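What follows is a single structure, written as structure tokens, with notes after it.
Numbering (my numbering), first residue to last: 381 to 720.
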């Protein structure tokens, strides 16, 4: 199978006014153009600069998100065999293999296109595909500001956090712009600082002369060779980071991150899925439990390590920084967040 050609940036024509991604260069779609067999009937959707996500739900059809929620795209697949072949091809482009022995597989294609596949019988309705198409132009804080991203919380507040090297947690629901915003923040760091980012799948694109990314690795077919986020946090600490970044806090690696941020590693950052600012303490307590930490331990570590929490939302396709807050201990020594 030929290797995918390098991506070439293409400026989108359908960005919504005021969107945090307005003016961004969309992920280059030459993979669909140069290798149409790879994406098959999905190629036109992948090439559409307005599309951010494509969902294939087996017998449930194809759904597409152009920034305002998923809508159905009818009559794109002839049957399950064609869909399964598509899943195998796309994951092979990302160096992964999917079959009955490994029916759930996640892979990253060129420049950050993410593909997740689930095969029957895990999915009783047929093969499932979730394809995320990231932006690759690196937006600055000023460009986000021009799109109205900081209408609720001033941009100067974020710039102060970066300048003071505060450790920051960026929160929000899926698709709210956490990765784009985090990349813009890191791009504002002084050029002499060494930034090391740790991600499950490398998505951060940071416009900074000394940015290094580490990506977790899944086990091979024999169940060996896995390198998880917990280990990568420890490895990153041996690389003398000036700013340590965890792309997404989702498990027991929160213990290593908080320990690092509590031992002199200022200017760090991470993202966390949460529906609201008030939900953040409960999410952190749940992750701490996965790491064997009590609610009191996770609360004390978080208050000491993280200087600010910034919450994002997407409403009607518009991504915004809507709240800023800080962590504190309540009367029961449990974690609480106080809005600014």
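For glycine and all other residues, C-beta sits at the position ideal for the given N, C-alpha and C.
Here the structure is a predicted model, which means the values were calculated and not measured.
- Each residue's CA atom was taken as its position, placing residue 441 and residue 708 some 46 Å apart.
- In the DSSP assignment, residue 453 falls outside any alpha helix (DSSP H) and within the unbroken beta strand (DSSP E) covering 450-453.
- According to DSSP, residue pairing for residue 551 in a beta bridge involves 652 and 691.
- Excluding the 5 residues flanking it on each side, residue 567 has same chain C-beta neighbours closer than 7 Å at 518, 520, 586, 587 and 588, in chain order.
- Across the structure, residue 480 and residue 503 are spaced so that their CA atoms are roughly 11 Å apart.
- Between residue 660 and residue 636, the C-beta gap is not smaller than 8 Å, which leaves the two residues out of contact.
- The DSSP assignment places complete alpha helix (DSSP H) segments of no fewer than 4 residues inside the region 533-585 at 535-543 and 558-567, in order along the chain.
- Ranked by Cα distance from residue 557, the options 486, 512, 472 and 643 are led by 512.
- In the DSSP assignment, residue 719 falls within the beta strand (DSSP E) that extends over 715-719.
- By the CB criterion at 8 Å, residue 688 and residue 677 fall outside the cutoff.
- Measuring C-alpha to C-alpha distances from residue 426 to each of 439, 438, 651 and 445 identifies 445 as the nearest.
- The three-state reading of DSSP puts residue 493 in coil, since its state is none of H, G, I, E or B.
- One Cα belongs to residue 564, the other to residue 542, and the distance between them is close to 11 Å.
- Residue 422 is positioned such that its CB atom lies no closer than 8 Å to that of residue 552.
- Within a 10 Å sphere around the beta-carbon of residue 619 sit fewer than 16 other beta-carbons, which makes this residue exposed.
- DSSP places residue 530 outside both helix and strand once states are collapsed to three, so it counts as coil.
- The C-beta of residue 549 has 16 or more other C-beta atoms within 10 Å across all chains shown, which makes the residue buried.
- In the displayed model, residue 595 falls within a strand according to three-state DSSP.
- The Cβ neighbour count for residue 484, taken over all protein chains shown within 10 Å, is under 16; the residue is labelled exposed.
- Under the DSSP assignment, residue 668 falls in the alpha helix (DSSP H) whose first and last residues are 660-670.
- Distance between residue 490 and residue 713, taken at the CA atoms: about 46 Å.
- Ranked by how close their Cα comes to the Cα of residue 561, the residues 672, 527 and 667 have 527 in first place.
- Taking a C-beta distance under 8 Å as the contact criterion, residue 671 and residue 616 do not qualify as a contact pair.
- Annotation for residue 625: the continuous beta strand (DSSP E) segment containing it runs 623-626.
- DSSP places residue 435 within a strand segment (E or B) once states are collapsed to three.
- When the five nearest sequence neighbours on each side are left out, the beta carbons in the same chain lying within less than 7 Å of the beta carbon of residue 710 are those of 716, in order along the chain.
- With distances taken between CA atoms, residue 700 lies nearest to 656 out of 634, 433, 656 and 573.
- Secondary structure at residue 602: coil, using DSSP grouped into helix, strand and coil.
- Annotated as proximal: residue 621 and residue 574, with beta-carbon spacing under 8 Å.
- A direct Cα-Cα distance of roughly 22 Å separates residue 597 from residue 508.
- Taking a 10 Å sphere around the C-beta of residue 429, we find 16 or more other C-beta atoms and assign the residue as buried.
- With a 10 Å radius around the Cβ and a threshold of 16 neighbouring Cβ atoms, residue 696 comes out exposed.
- Nearest to residue 584 by C-alpha distance, out of 718, 492, 603 and 525, is 492.
- A Cβ-Cβ contact shorter than 8 Å links residue 627 with residue 579.
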